[in-house]
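Number 138 marks the last residue of the sequence shown (UniProt numbering); no jumps. The structure appears below as structure tokens.
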Amino acid sequence: MRKIAETTRTIAVVGLSPNPDRPSHGVARFLQSQGFRVIPVNPGHAGQQILGETTYATLADIPKDSGVDMVDIFRQSEAVPGIVDEAMAELPDLKTVWMQIGVMHADAAARAEAAGLTVVQNRCPKIEFPALGLPRRG
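If you want it as structure tokens, here you go:
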């Protein structure tokens, strides 16, 4: 967990809502406040600004040079395999696949791990990262 928090720079948040009352928005806002760049992915809001960043419809739409090294998934577990496959195919800097609380998929996690990625399931960075006691990024 510490390595993820210390080395991650840019996080694509799949399912990021523009609604500040939604958990995805609160987590993404927290990540930004800690110095991470957050790239929203939500087909229903593609082209719009969420938290000051352009929203993309899919992971494949994110520019390859964006440096996305972590994908944080706010979707139903059934959607995870497609998201993981797309992330592995389209994000050349990807190092971590993170599935939020309640989101798990053993087969997709195994594929990602076999490809050398770090996988976290059923956890939230807004809970896990502060517990590490790391300073905010500058």
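Just so it is clear, CB atoms sit at the ideal spot from N, CA and C, and this is done for glycine as well. Values in this document were obtained by computation on a predicted structure and should not be read as measured data.
- Taking the Cβ atoms as the reference, Ile62 lies roughly 6 angstroms from Ala12, within the contact range of under 8 angstroms.
- Assignment of Pro63 by DSSP, reduced to helix, strand and coil, places it in the coil class.
- Judged by their CB atoms, Ala109 and Val119 are nearer to each other than the 8 angstroms cut-off.
- Exclusion of the five residues before and after Cys124 leaves Val27, Gln100, Ile101 as the residues of its chain whose Cβ lies within less than 7 angstroms of its Cβ.
- Nearest C-alpha to Pro81 among Pro18, His105, Phe74: His105.
- Cβ contact annotation for His45 (same chain, cutoff 7 angstroms, sequence separation greater than five): Pro18, Thr55, in chain order.
- Distance from the CA of Gly15 to the CA of Ser24, rounded to the nearest whole angstrom, comes to 7 angstroms.
- Looking at Arg75, Thr7, Val71, Gly52, the one whose alpha-carbon comes closest to that of Met88 is Val71.
- Inter-residue distance for Val103 and Ile83 is about 12 angstroms (C-alpha atoms, whole angstroms).
- With fewer than 16 other Cβ atoms from the protein chains shown falling within 10 Å of its own Cβ, Leu134 counts as exposed.
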